[in-house]
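**Q** What follows is a single structure, and I will ask about it in a moment.
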Amino acid sequence: MMYFKMLMKNLRLKSALWIIALCGLSLAVPPVFDGLYSTAGEREGMKMTVDNAAMTAMIGPVPDGDYTTAVMFGHQMLLFMALFHGLFSILIANGIARKAEDTGLTEYVLSAGIGKKTIVSSQLMIGAVINLLVFIILFGGLSLYNIDGLSLIGNLYYALGLAMFGLLFFVMTMVLGNLFDSGDMTFGVSLSLLLVFYLYRAVTDVADTAYSAASPYHWLSRIEVYGANNGLWLLPFIVILLLVVLSYMLFIKRDLGDSYIKTGKEKRLRNINSYPKLAFINMRVLIISWLIGLFIAGLSYGSVFGDLESLIGENDMLREALGSNNAAEFFISMLFVISALLSAAPALMINGRMLAEEKTGRLEVMNSGTLNRKLSRGTVFATHYMYGLAAAVSAFVLTVLGMYLASMNVDDLSITVNDYLLSAVNYSAGIVFTVGVSALFAGISKKFHITAWLYVTYVFFANYFGVLLNIDDIYLMLSPFHYLSEMPHESMDIPAVLIITVLGFVMALIGAAVFKRRNLL
């Protein structure tokens, strides 16, 4: 239990922030839907709107029966939230299992007399406890609402479905951590499976739902929460028990630091002659995974552009929120902002890698005079900052490219190739600013960098719900996107783009200067 308590202590802040953000998003949506679609006619109109191939691919088949507020919430949010809960579980599981082994922490734990069975048991208990908390918060929070259709059994299946989905990918990541020889490879393969299962379900749901049964996302959609409430589709999650047993067996039987699948890491190490090259090799799986994932997200967004007018429909509140003129283009501009913020995530993770080097003491060794060639802190900082910025901007460009490719055959869409290009330039300024905030906080203190994640989360929620709820502009003043033009339905404000970009670079320079002078560890 001592090792379990240590893990919980180390994860309490990170896990709490994730749980608050994810559960908060789920709990914030029902009252929004209840206000936007207050009449049965509006809800039936929305049901007809999402009953097409593009929307089926994104959120699953439309359930039978009345499309109540609760059914709409479950249908449109369950798979979307499952993606984020899966990502959360992957990050936590990889961090306490394979990455802890890579950094040598697990070896220290073993040397303290804690056995392998205790280690893997504690790690699995972390996954169970975290997802149990998710279940309790979601079930309790949803049960407090007095909204039509939000029944106790529906709340139970919604909360339990997401908790089981998260636990599935937690245990799956632990299994993959035994198979592969690095935390980066484990994260990359786990994230790929998370996305592949989603894409497989998207294709088969449109072609023939009978083939979708192989995807965990399909298990969730077939429950039809708040409608049929078919709890039998929770039974496939029993595969979690098999993965738990497999995780035990694989970890106990292999040597620490070893793996069952070799990727030739030893051969690659001979060719490393610079820190930028080493950093790229260590982070390339992370970068490539995000690039592919956000390109796929762009394809998903673009696939519904042709249905935006009908999606917005006759709902007066939604049309007022999105603007009476060019409502579809206004909605697309909101997608650009959301995509830009998601694209900043890999940059924050890359900056976090630099702080991990500091935490483990490797940065102090590289910066000491005992090496033949001293590596300056400035080089380390600049390497992570440039890689992070390049990854973030590239991810956003690929997202925009995916939107364009998926929507290029839409006849009634007035957005041109030039609009996409200018929009990419416009919103990239916000990315530069956000990455600059991350670099500034990373330069100040390794513990302070968590504030960058809080900042991105705040900006995401402010921009996402700001349009729908028409919140006061004062809450958007911290967002760089508030000062940029809402492209493509507005012209680019070049001075604003330049100012936001320069501010981002200035914050990065300040962060670098502070980082070079502050004490390590």
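Mapping of the sequence shown onto the UniProt record's numbering: position 43 corresponds to residue 43, and the numbering continues sequentially without gaps. Virtual Cβ for every residue (Gly too), placed ideally from N, Cα, C.
Distance check for residue 178 and residue 574, CA to CA, integer angstroms please.
**A** For residue 574 there is no data in the structure shown, the boundaries of the chain being 1 and 521.
**Q** Which ranges does the beta strand (DSSP E) cover as unbroken runs of at least 3 residues, wholly within the segment 91–140, from first to last along the chain?
**A** Fully enclosed beta strand (DSSP E) runs of 3 or longer: not present.
**Q** Can you check which of these residues, 90, 34, 64 and 38, is closest to residue 48 by C-alpha distance?
**A** Taking the sequence shown and counting its residues from 1, one reaches residue 48 at position 48. Checking every option, the nearest Cα to that of residue 48 belongs to 64.
**Q** Relative to the alpha-carbon of residue 395, which residue among 117, 292 and 482 has its alpha-carbon at the smallest distance?
**A** Numbered from its first residue, the sequence shown carries residue 395 at position 395. Checking every option, the nearest Cα to that of residue 395 belongs to 292.
**Q** When you compare the segment 479–498 with the segment 332–339, are there three or more beta-carbon pairs, one atom per stretch, that lie closer than 8 angstroms?
**A** Judged by Cβ distances under 8 angstroms, the segment 479–498 makes contact with the segment 332–339, as three or more pairs qualify.
**Q** Please state whether DSSP places residue 300 in a helix, a strand or coil.
**A** Walking along the sequence shown from the start, residue 300 turns up at place 300. Note: residue 300 maps to helix in three-state DSSP.
**Q** With distances taken between CB atoms, is the gap from residue 170 to residue 93 smaller than 7 angstroms?
**A** Translated into the one-based positions of the sequence shown, residue 170 becomes position 170. Translated into the one-based positions of the sequence shown, residue 93 becomes position 93. Yes; because the gap between Cβ atoms is below 7 angstroms, this pair is in contact.
**Q** Ignoring anything shorter than 4 residues or poking outside the segment 208–233, list the alpha helix (DSSP H) runs there in chain order.
**A** You should have 216–223.
**Q** With DSSP collapsed to three states, give me the class of residue 152.
**A** As a position in the sequence shown, residue 152 is number 152, starting the count at 1. It is helical.
**Q** To the nearest angstrom, how far is the alpha carbon of residue 13 from that of residue 131?
**A** Locating residue 13 in the sequence shown gives position 13, counting from the first residue. Locating residue 131 in the sequence shown gives position 131, counting from the first residue. Answer to the nearest angstrom: the Cα atoms are 15 angstroms apart.
**Q** Within this structure, are the beta carbons of residue 439 and residue 385 separated by less than 7 angstroms?
**A** Counting from 1 along the sequence shown, the entry for residue 439 is found at position 439. Counting from 1 along the sequence shown, the entry for residue 385 is found at position 385. Closer than 7 angstroms, so yes.
**Q** Hey, out of 261, 393, 461 and 198, whose CA is closest to residue 80's CA?
**A** Looking up residue 80 in the sequence shown gives position 80. The residue with the shortest Cα to Cα distance from residue 80 is 198.
**Q** Excluding the 5 residues preceding and the 5 following residue 164 in the sequence, name in chain order all residues of the same chain whose CB lies nearer than 6 angstroms to its CB.
**A** What you label residue 164 is simply residue 164 of the sequence shown in a count that begins at 1. Hits under 6 angstroms: 237.
**Q** Is it true that the CB of residue 127 sits closer than 7 angstroms to the CB of residue 167?
**A** The residue you call residue 167 lines up with position 167 of the sequence shown. The residue you call residue 127 lines up with position 127 of the sequence shown. In this structure, residue 127 lies closer than 7 angstroms to residue 167 by Cβ.
**Q** Could you tell me whether the Cβ atoms of residue 294 and residue 399 are closer together than 7 angstroms?
**A** Numbered from its first residue, the sequence shown carries residue 294 at position 294. Numbered from its first residue, the sequence shown carries residue 399 at position 399. Cβ distance < 7 angstroms, so residue 294 and residue 399 count as in contact.
**Q** So, using beta-carbon positions, are residue 388 and residue 433 closer together than 7 angstroms?
**A** Position 388 of the sequence shown holds residue 388. Position 433 of the sequence shown holds residue 433. Contact: no.
**Q** Could you pull out every unbroken beta strand (DSSP E) segment of at least 3 residues lying fully inside the segment 426–474, listed in chain order?
**A** DSSP runs (the beta strand (DSSP E)) wholly in the segment 426–474: none.
**Q** Among 303, 258 and 476, whose alpha-carbon lies nearest the alpha-carbon of residue 402?
**A** Position 402 of the sequence shown, counting from 1, holds the residue named residue 402. Considering only alpha carbons, the answer is 303.
**Q** At the level of alpha carbons, what is the spacing between residue 194 and residue 75?
**A** The sequence position of residue 194 within the sequence shown is 194, counting from 1. The sequence position of residue 75 within the sequence shown is 75, counting from 1. C-alpha separation (whole angstroms): 19 angstroms.
**Q** Between the C-alpha atoms of residue 187 and residue 102, what's the straight-line distance to the nearest angstrom?
**A** Your numbering for residue 187 matches position 187 in the sequence shown. Your numbering for residue 102 matches position 102 in the sequence shown. If you take the alpha carbons of residue 187 and residue 102, they lie about 13 angstroms apart.
**Q** Work out the CA separation of residue 352 and residue 408 for me, nearest whole Å.
**A** As a first step, residue 408 must be located in the sequence shown, where it is residue number 408. As a first step, residue 352 must be located in the sequence shown, where it is residue number 352. Using only the alpha carbons, I get a separation of about 37 angstroms.
**Q** Looking at the secondary structure, which residues open and close the alpha helix (DSSP H) in which residue 34 lies?
**A** Taking the first residue of the sequence shown as position 1, residue 34 is located at position 34. Residues 2–36.
**Q** Note down the Cα distance separating residue 475 from residue 154, rounded to an integer number of angstroms.
**A** Counting from one through the sequence shown, the residue named residue 475 turns up at place 475. Counting from one through the sequence shown, the residue named residue 154 turns up at place 154. Cα-Cα distance, rounded: 34 angstroms.
**Q** Per DSSP, what kind of secondary structure is residue 524 in: helix, strand or coil?
**A** Beyond the ends of the chain as shown, which are 1 and 521, falls residue 524; an answer cannot be given.
**Q** Given a cut-off of 7 angstroms, decide if residue 190 and residue 173 are closer than it, judged by their beta-carbon atoms.
**A** The sequence position of residue 173 within the sequence shown is 173, counting from 1. The sequence position of residue 190 within the sequence shown is 190, counting from 1. Their beta carbons are under 7 angstroms apart, which means residue 173 touches residue 190 by this criterion.
**Q** Quick check on this structure: which residue in 17, 73 and 20 has the alpha carbon closest to the alpha carbon of residue 30?
**A** Taking the first residue of the sequence shown as 1, we reach residue 30 at position 30. For the residues 17, 73 and 20, the minimum Cα distance to residue 30 belongs to 73.
**Q** Assess, as a yes-or-no matter, whether the segment 206–224 is touched by the segment 53–63 under the definition of 3 or more beta carbon pairs within less than 8 angstroms.
**A** These segments touch.
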